[in-house]
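Colleague: Would you mind keeping the following structure in view while I ask a few things?
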Amino acid sequence: MKSIPGQKKPSLFQKIQFILNPLNTLESYAKQYGDIFTAVVTLPKQVQVLVSSPQALQQILTKDENEYETFGSPILQSMLGENSILSLTGDRHRRERKLLMPPFHGDRMRNYGELICNITKEAASNLTVSKT
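Here the sequence shown is numbered in the numbering used here, starting from 739 and rising by one per residue.
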């Protein structure tokens, strides 16, 4: 399994950075550590793996090798249920992921992207700029 680089500052400092300036903090960490890195963002001293690019996420989700081990978070499991793909681990996670992957490839994804853009444009056309 690959070792994932990440932030070594105290967890409280990392959380404060994310609370005060989340986007700049993520961009800074990504520049420093690359597309995949670790940081303490939410829970006390629990390290999370963050992904800063669609290409890196695609690599993780489509990799057949056991390069990145999945982990089931007890918190996610309590919120989403024990059968959620986000809380499964190991072989069961890989089996369920393979079942879910076909809808997220090729033309279907392009169609989803087009649909999302159209919905966003329609919603944005109804917004007005406030004047102060």
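C-beta: ideal position from N, C-alpha, C; glycine also.
Under 9 Å between the Cβ atoms of F775 and Q752?
Modeller: Counting from one through the sequence shown, the residue named residue 775 turns up at place 37. Counting from one through the sequence shown, the residue named residue 752 turns up at place 14. Cβ distance not < 9 Å, so F775 and Q752 don't count as in contact.
Colleague: Under 9 Å between the Cβ atoms of D773 and Q793?
Modeller: In the sequence shown, the residue the question calls residue 773 occupies position 35. In the sequence shown, the residue the question calls residue 793 occupies position 55. Taking 9 Å as the Cβ cut-off, D773 and Q793 qualify as a contacting pair.
Colleague: With DSSP collapsed to three states, give me the class of G828.
Modeller: Taking the sequence shown and counting its residues from 1, the one referred to as residue 828 is at position 90. Reduced to three states, the DSSP call for G828 is helix.
Colleague: Measure how close the beta-carbons of E834 and L826 come, nearest whole angstrom, since I'm counting them as under 8 Å.
Modeller: Taking the first residue of the sequence shown as position 1, residue 834 is located at position 96. Taking the first residue of the sequence shown as position 1, residue 826 is located at position 88. So it is a contact: roughly 6 Å between Cβ atoms.
Colleague: Whose C-alpha, out of Y771, L761, I757, S749, is nearest the C-alpha of S741?
Modeller: What you label residue 741 is simply residue 3 of the sequence shown in a count that begins at 1. Measuring from the Cα of S741, the nearest candidate turns out to be Y771.
Colleague: Exposed or buried, A777, counting other C-beta atoms within 10 Å across all chains shown (16 or more means buried)?
Modeller: Against the sequence shown, residue 777 aligns to sequence position 39. Buried is the call here.
Colleague: Exposed or buried, which one is V779 when buried takes at least 16 other CB atoms within 10 Å?
Modeller: Residue numbering aside, residue 779 sits at position 41 when the sequence shown is read from its first letter. Result: buried.
Colleague: Name the DSSP beta bridge partners of Q786, please?
Modeller: Along the sequence shown, one-based indexing puts residue 786 at 48. Note: Q786 sits in a beta bridge opposite A777.
Colleague: Where does Y850 land, buried or exposed, given buried means 16+ other C-beta within 10 angstroms?
Modeller: As a working note, residue 850 is residue 112 in the sequence shown. Classification of Y850: exposed, given that the 10 Å Cβ count is below 16.
Colleague: From the DSSP output, which residues share a beta bridge with G744?
Modeller: Here residue 744 refers to the residue found at position 6 of the sequence shown. Its beta-bridge partners are T776.
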